[in-house]
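Shown next, in structure tokens, is the structure this report addresses.
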Amino acid sequence: MGWTSYRRDKNAETNEVHFAKKLDNRYKIIAHGTVEGVFYAAVRDQTTSEVTAFIALTRWTNDPDYNFSYKDLDENCGPGDHKAPKSVLNALTPTTNEYALAWRAQCRAYHAQRDFLRRHLKPGAQVRLTHTLTFTNGTRSDTFTYARRDRAPGFLVLGRSRCRVPNWRDSVAALITPDHREILTPVGHQQTNQLAAMPTAETATPSAA
Numbered sequence: 038m039g040w041t042s043y044r045r046d047k048n049a050e051t052n053e054v055h056f057a058k059k060l061d062n063r064y065k066i067i068a069h070g071t072v073e074g075v076f077y078a079a080v081r082d083q084t085t086s087e088v089t090a091f092i093a094l095t096r097w098t099n100d101p102d103y104n105f106s107y108k109d110l111d112e113n114c115g116p117g118d119h120k121a122p123k124s125v126l127n128a129l130t131p132t133t134n135e136y137a138l139a140w141r142a143q144c145r146a147y148h149a150q151r152d153f154l155r156r157h158l159k160p161g162a163q164v165r166l167t168h169t170l171t172f173t174n175g176t177r178s179d180t181f182t183y184a185r186r187d188r189a190p191g192f193l194v195l196g197r198s199r200c201r202v203p204n205w206r207d208s209v210a211a212l213i214t215p216d217h218r219e220i221l222t223p224v225g226h227q228q229t230n231q232l233a234a235m236p237t238a239e240t241a242t243p244s245a246a
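Each residue of the sequence shown is one higher than the one before, starting from 38 at the first, in our numbering.
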């Protein structure tokens with residue numbers, strides 16, 4: 038399904054109320070949250086009591102007639118956005134759908150990464166990303182210093198320059214201690230396991246001639 042656009046009063050109702058009206062009467066939203074413009078909801082089927090995830094990508098513009106657009110998905114489609122609140126994830130009932138299971142795992146991994154950084158990442162700490170970044174001046178690096186001012190969101194610094202790296206927390210593979218030891222994050226552990234599982238030249242099975 039593509040995007041649907043129309044006029045919506047931004048202050049008239051919440052996303053929960055707005056999208057509840059679009060669901061069949063047999064469904065009820067029991068947990069929800071909006072993260073970075075994406076509405077996530079745990080929706081109960083009143084007939085079967087099954088609770089699944091409903092996702093709606095939303096977009097606001099200044100168009101006088103079509104200022105609001107949305108695209109709705111369910112977890113069985115394998116949505117690309119996986120930052121559903123824990124309250125939504127915890128409300129879902131078990132499923133056997135492989136796409137839904139993969140999506141739920143991605144959401145859990147997202148929270149594991151954020152929880153780890155919330156506990157361990159302090160201003161002045163060095164971090165290593167999963168990949169090397171190349172900047173417009175030609176500088177390349179995968180290691181940065183974490184900085185934060187007052188209550189403002191933290192950011193990455195390279196030398197004396199502040200770096201604009203979107204969603205950088207999702208790419209932090211390790212924290213580097215003052216004695217240069219690496220403490221792997223959940224993302225770092227995942228990357229290490231993936232690399233270990235890749236066949237090498239020595240272990241790859243040769244193809245038949």
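Glycine included, every Cβ here is placed at the ideal spot set by N, Cα and C. Small disclaimer: the values here were computed from a predicted structure and weren't measured.
Exercise for review: Would you decide whether residue 103 is buried or exposed? Buried here means 16 or more other CB atoms lie within 10 Å of its CB.
Suggested key: Mapped onto the sequence shown, residue 103 falls at position 66. It is exposed - the Cβ of residue 103 has fewer than 16 other Cβ atoms within 10 Å.
**Study point:** Residues of its chain near residue 113, where Cβ-Cβ distance is below 6 Å and the 5 sequence neighbours each way are ignored
**Key:** The sequence position of residue 113 within the sequence shown is 76, counting from 1. Counting only Cβ-Cβ distances below 6 Å, and skipping sequence neighbours, we find 134, 136 and 137.
Check your understanding: alpha helix (DSSP H) containing residue 151: first to last residue?
Key -> For the purposes of this step, residue 151 is taken as residue 114 along the sequence shown, with counting starting at 1. Here the alpha helix (DSSP H) through residue 151 covers 135–157.
Review point. Can at least three beta-carbon pairs, one atom from the region 165–172 and one from the region 113–126, be found at a separation below 8 Å?
Key: no
Check your understanding: Taking one C-beta from the region 148–155 and one from the region 189–208 each time, how about it: are there three or more such pairs within less than 8 Å?
Key -> yes
**Study point:** 6 Å Cβ shell around residue 78 - same chain, five flanking residues per side excluded
**Key:** Along the sequence shown, one-based indexing puts residue 78 at 41. The residues are 66, 69 and 91.
Review point. How is residue 191 classed by DSSP in three states: helix, strand or coil?
Key: Counting from one through the sequence shown, the residue named residue 191 turns up at place 154. Correct three-state label for residue 191: coil.
**Study point:** Between the CA atoms of residue 216 and residue 111 - distance to the nearest angstrom
**Key:** Taking the sequence shown and counting its residues from 1, one reaches residue 111 at position 74. Taking the sequence shown and counting its residues from 1, one reaches residue 216 at position 179. Residue 111 and residue 216: Cα-Cα distance of roughly 47 Å.
Point to revise | Terminal residues of the beta strand (DSSP E) in which residue 167 lies | key: By 1-based counting over the sequence shown, the position of residue 167 is 130. Per DSSP, residue 167 belongs to the beta strand (DSSP E) from 163–171.
Check your understanding: By Cβ distance below 8 Å, which residues in the same chain neighbour residue 191 in space, the five residues on each side in sequence not counted?
Key -> The residue given as residue 191 occupies position 154 in the sequence shown. Answer for residue 191: 158, 160, 183, 184 and 185, listed in chain order.
Exercise for review: Please name the residue in 100, 42 and 87 whose C-alpha comes closest to that of residue 130.
Suggested key: Looking up residue 130 in the sequence shown gives position 93. Answer by Cα proximity: 87.
**Study point:** Cβ shell of residue 116 (< 7 Å), same chain only, five flanking positions each side left out
**Key:** The residue labelled residue 116 in the question sits at position 79 within the sequence shown. Excluding positions up to five away in sequence, the list reads 92, 110 and 140.
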